[in-house]
Structure formats: structure tokens, C-alpha cells
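This report concerns only the one structure given below.
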Ligand SMILES: Nc1ncnc2c1ncn2[C@@H]1O[C@H](COP(=O)(O)OP(=O)(O)OP(=O)(O)O)[C@@H](O)[C@H]1O
């Protein structure tokens, strides 16, 4: 995946400016970090083709903006920050309709197998026959993710997919995404506020600050007190937990962000 010179924004407002990321090899899960309003959602929407964007946005050597909307939708799975609506459909039907929307090529049996895989990989098979309107917010968020995963896209763009989830589900869902990305050689880009979760689960992280890329690379190299001070305006320490994984401890907010 190549993102170079990417700009993204809105009709009267450029939010992302000259975003250059070192090429991401297949099977990479990238955590997109940055304070509120840094431009994470704007960038994801631009890459997905749902918002204004220019520059090089290429997957496996193919320029995504040059593709038809249908072809791009088949390659790119996008999960918005908002939760799926509490419709009267059962979760299975919601995932089936998401699958059918871009994978009309699948036979009935193949679609059923893909749906079963998506539910199983996320560990939510027990929700399949529950009505969306009767699920909790976190459960609906997991079904929303199943709607994206069932498409088995080559590029997954997930905007805060764990915002409604508890501790256990945050970890298991992000690990399921990472496993799916690795197994299929896809690319996952996940906007995430929990830095420790990103360190634990992502292969690489990219830190956005005021619409520009501040730092990118393996989490242990990128997440430093200096970067956290500049991007989030906090004084922090990065220590190692008993398993040797870096853990960020925030001491205080700095007065100027
Ligand atoms: N529809 C819009 N029109 C104009 N400006 C917008 C629009 N949506 C967002 N913005 C602006 O773009 C900037 C980046 O917003 P964006 O939602 O991309 O940030 P973010 O990093 O995803 O933030 P958060 O962590 O709070 O979700 C903000 O200044 C926001 O006010």
C-alpha cells in the first residue's frame, strides 16, 4: 500500500496535507493515532473514496481513485465511527446484505461460509440471530465490523472500531482484525485512541498531528514521550510491562497543545 503526497479534506477546508507513508507490506495492520480533530477520519474517508482526496493512493500497484466505484468498494472495506443502526434485521441478515452488496459473485454456499467465518473470527456467533435493535452498542459495533470483514477486502479502513467495546473485546477484536489481515495479505488501517492497544496489536503505527504525519514505524520506535508530547500534549513515560511490552503512562496534560 502506498500513500504519498496525500491531501484530504472538505469543500472549503484542506485537513490532511502532504501525507507520505513508507510503503506498507501486505499483511500489515497500521494503527492511526492522533489527538481529536487531527484528521484521522478525514484521511480514512479520503482513502476510501468517500471524501475529497488527492495524491498517490495505491494498493498492490493499482491506483484506487482510478477504479470504478464498484471495483473500489469491492477492494476497500470501510467502517465508520458511527455504530450500525438498530434495525429490526437480525445480525446474520445485516451481515448477509453487506456481503451481497459487494460480493454478488459468491454462490449461496460461499456467502454462508464467508458469513460464518466473519462471525467466528470475531467470536460473535452467539449474536447471529439477535435483532440489531435488541443488541447493546458494543454488540452492534462488533456486527458492524463483521459487515466489513465478511467482504474480505484487500484494504480495511476502520475508524475507532473498539470505541464501544470493553477491555476483553477491544483486544480480541483488534487481534481478530490483525489475524485476518495477516492470513489474507491484506492491509488494515485502524484509527484508534487507545495507544497501549495499538502498541500491543498493530505492526506499525502512524501519528497524525494537525493534518500532517509526525512519525511512523514500529510502535516501540514511534511511541515515545517526545512524540506523545507533540501529538497529544501530554507528559508521559513509556515503561515495559512484565511481559516486556511497552506501556504508556500519562502523568499530566501539558498546558500548550
Ligand atoms: N464535514 C466536515 N466539513 C468541514 N470540516 C470537517 C468536517 N468533518 C470534520 N471536519 C474537520 O476536520 C478536522 C479533522 O476532523 P476528523 O474527524 O478527521 O478528526 P479525527 O482525527 O478523526 O478526530 P476524532 O479523534 O475526534 O474522531 C477537524 O478540524 C474537523 O472539525
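In UniProt numbering, the protein residues as written are 1 to 257. Just so it is clear, CB atoms sit at the ideal spot from N, CA and C, and this is done for glycine as well.
Residue 59, enclosing beta strand (DSSP E) - first and last residue: In the chain shown, the residue the question calls residue 59 occupies position 59. Unbroken beta strand (DSSP E) run through residue 59: 52-59.
Cβ shell of residue 160 (< 7 Å), same chain only, five flanking positions each side left out: On the chain shown, residue 160 is found 160 positions in, with the first residue counted as 1. Excluding residues within five positions, the ones whose Cβ falls inside 7 Å are 81, 191, 192, 193.
Cβ-heavy atom distance, residue 130 to ligand 1, below 7 Å: Stepping through the chain shown from its first residue, residue 130 is reached at position 130. Answer for residue 130: no, Cβ out of range of ligand 1.
Limits of the unbroken alpha helix (DSSP H) element including residue 73: Start at 1 with the first residue of the chain shown, and residue 73 comes out as number 73. It spans 69-75 - the alpha helix (DSSP H) in which residue 73 sits, taken as one unbroken run.
Run of the alpha helix (DSSP H) containing residue 145, from where it starts to where it stops: Position 145 of the chain shown holds residue 145. Here the alpha helix (DSSP H) through residue 145 covers 137-149.
Cβ-Cβ distance between residue 262 and residue 29 below 8 Å: The chain is shown only over 1 to 257; residue 262 falls outside these bounds and no answer can be derived.
Inter-residue Cα distance where the pair is residue 98 and residue 235: Within the chain shown, residue 98 is the residue found at index 98, counting from 1. Within the chain shown, residue 235 is the residue found at index 235, counting from 1. Straight-line Cα distance between these residues: approximately 43 Å.
Residue 160, DSSP secondary structure in three states: To locate residue 160, count along the chain shown from 1; it is residue 160. DSSP places residue 160 in coil when its eight states are reduced to three.
CB contact check: residue 58 to chain B, cutoff 8 Å: The question asks about chain B, but that chain is absent: this structure has only one protein chain.
Any non-hydrogen atom of ligand 2 closer than 7 Å to residue 186 Cβ: The model on display carries ligand 1 but not ligand 2.
Close beta carbons around residue 20, own chain, < 8 Å, minus the five adjacent residues each side: For the purposes of this step, residue 20 is taken as residue 20 along the chain shown, with counting starting at 1. Answer for residue 20: 3, 4, 5, 6, 213, listed in chain order.
Under the three-state DSSP convention, the category residue 254 falls into: Residue mapping note: residue 254 aligns to position 254 of the chain shown, counting from 1. Note: residue 254 maps to coil in three-state DSSP.
Endpoints, the beta strand (DSSP E) within which residue 190 is located: As a position in the chain shown, residue 190 is number 190, starting the count at 1. It spans 187-191 - the beta strand (DSSP E) in which residue 190 sits, taken as one unbroken run.
Distance cut-off 7 Å: residue 81 Cβ against heavy atoms of ligand 1: The count along the chain shown starts at 1 and reaches residue 81 at position 81. Flag set: Cβ of residue 81 near ligand 1.
Residue 31 in three-state terms, based on DSSP: For the purposes of this step, residue 31 is taken as residue 31 along the chain shown, with counting starting at 1. Reduced to three states, the DSSP call for residue 31 is strand.
Residue from 222, 128, 76, 220 whose Cα sits closest to the Cα of residue 60: Working through the chain shown from its first residue, we reach residue 60 at position 60. Comparing Cα-Cα distances from residue 60 to each of 222, 128, 76, 220, the minimum goes to 76.
Residue 218, buried or exposed, once every other Cβ within 10 Å from all chains shown has been counted against 16: The count along the chain shown starts at 1 and reaches residue 218 at position 218. Residue 218 is exposed by the Cβ-count criterion.
Residue 210: CB within 7 Å of a non-hydrogen atom of ligand 1: Along the chain shown, one-based indexing puts residue 210 at 210. No, ligand 1 has no heavy atom inside 7 Å of this Cβ.
Neighbourhood of residue 237 by C-beta distance below 8 Å, restricted to the same chain and skipping five residues each side: Here residue 237 corresponds to residue number 237 of the chain shown, with the count starting at 1. Closer than 8 Å at Cβ, skipping near neighbours: 225, 248, 249, 251.
Secondary structure of residue 38, DSSP reduced to three states: For this step, residue 38 is matched to residue 38 along the chain shown. If DSSP states are grouped into helix, strand and coil, residue 38 belongs with coil.
Alpha-carbon to alpha-carbon, residue 210 and residue 177: Residue numbering aside, residue 177 sits at position 177 when the chain shown is read from its first letter. Residue numbering aside, residue 210 sits at position 210 when the chain shown is read from its first letter. Each residue's Cα considered, the two are about 28 Å apart.
For residue 109, the three-state DSSP class (helix, strand or coil): Translated into the one-based positions of the chain shown, residue 109 becomes position 109. Looking at residue 109 - three-state DSSP - the assignment turns out to be helix.
Residues of its chain near residue 90, where Cβ-Cβ distance is below 8 Å and the 5 sequence neighbours each way are ignored: Working through the chain shown from its first residue, we reach residue 90 at position 90. If we look at residue 90 and ignore the five residues flanking it on each side, its Cβ neighbours are 128, 129, 130, 131, 132.
Cβ separation of residue 135 and residue 79, assumed to be a contact under 8 Å, to the nearest whole Å: Translated into positions along the chain shown, residue 135 becomes position 135. Translated into positions along the chain shown, residue 79 becomes position 79. No, residue 135 and residue 79 are not in contact; Cβ-Cβ is about 16 Å, not under 8 Å.
Cβ neighbour criterion (16 or more within 10 Å) applied to residue 42: Locating residue 42 in the chain shown gives position 42, where the first residue counts as 1. Under this definition residue 42 is a buried residue.
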